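Residue numbering for the sequence shown follows the numbering used here, starting at 19 and increasing by one per position.
The structure under discussion appears below in the form of structure tokens.
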Amino acid sequence: MNFKDFFRPYSPEIRGNLEEYLRQHDGTSADNLFHGPEYFFIIRDRRLMVPDLTCVRVDQSPIPDILYFVNSDYLLESSGSGEDNMSLMWAKKGTYNPEHALRNKNWSILHLNI
Numbered sequence: 019m020n021f022k023d024f025f026r027p028y029s030p031e032i033r034g035n036l037e038e039y040l041r042q043h044d045g046t047s048a049d050n051l052f053h054g055p056e057y058f059f060i061i062r063d064r065r066l067m068v069p070d071l072t073c074v075r076v077d078q079s080p081i082p083d084i085l086y087f088v089n090s091d092y093l094l095e096s097s098g099s100g101e102d103n104m105s106l107m108w109a110k111k112g113t114y115n116p117e118h119a120l121r122n123k124n125w126s127i128l129h130l131n132i
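Here it is in structure tokens:
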């Protein structure tokens with residue numbers, strides 16, 4: 019892996035096994051990074067998400083990122099409440115289809131069952 023690969027979204031060719039990547043980039047020591055909705059559905063299908071605990075942070079650079087929870091239907095959900103800060107804000111209250119909300123966006127996922 020070259021230096022520029024450290025800043026690229028996940029791909030098996032660069033990062034290897036998905037579950038190992040998620041263990042190493044769990045959001046505490048290092049964030050994971052994905053682009054588009056494809057890996058959201060792969061992670062869901064592998065049953066790694068914990069409904070109402072797993073959250074998705076969508077990059078909105080240069081404005082603050084948007085945070086969603088994954089609900090029991092595996093849709094992205096926001097109550098619209100909570101404290102905003104300079105790097106993160108809640109999405110407008112509602113439920114969002116990940117296919118649309120993550121399209122052409124960089125995002126990371128936290129609180130998985132791994």
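Cβ coordinates follow ideal geometry from the N, Cα and C atoms, glycine included.
Just so we're clear, the structure is a prediction, and the values are computed from it rather than from any experiment.
What I want to know is whether the C-beta of residue i ends up closer than 7 Å to one or more non-hydrogen atoms of the ligand FMN.
i, result
"Cys73", "This structure lacks the ligand FMN; in fact it carries no ligand of any kind."
By the DSSP assignment, the beta strand (DSSP E) with residue i in it spans what residues?
i, result
"Tyr86", "83–88"
"Tyr114", "112–114"
"Pro75", "A small fix is needed here, since residue 75 is Arg in this sequence, not Pro. Start and end: 73–76."
"Ile127", "124–128"
"Ser96", "94–96"
Can you give the beta carbon distance from residue i to residue j, rounded, assuming they're within the 8 Å contact cut?
i, j, result
"Tyr114", "Tyr86", "7 Å"
"Leu128", "Arg75", "7 Å"
"Leu120", "Pro80", "The Cβ separation is near 19 Å, so there is no contact."
"His43", "Asn35", "Their Cβ separation, rounded to whole angstroms, is 12 Å, which puts His43 and Asn35 out of contact at 8 Å."
"Ile61", "Met67", "6 Å"
"Phe52", "Ser126", "7 Å"
In terms of residue numbering, what span does the alpha helix (DSSP H) encompassing residue i cover?
i, result
"Arg26", "Careful: Arg26 lies outside any alpha helix (DSSP H) and carries neither H nor E."
"Leu40", "36–42"
"Asp63", "56–63"
Considering only the beta carbon of each residue, do residue i and residue j sit closer than 8 Å?
i, j, result
"Asn89", "Pro69", "yes"
"Asn131", "Pro27", "no"
Taking the alpha carbon of residue i as the point to measure from, which residue in the options has its own alpha carbon closest?
i, options, result
"Gly112", "Asp49, Ile84, Leu94, Arg121", "Leu94"
"Pro82", "Ala109, Glu31, Pro30", "Ala109"
"Leu71", "Ser96, Tyr57, Asp63, Gln78", "Ser96"
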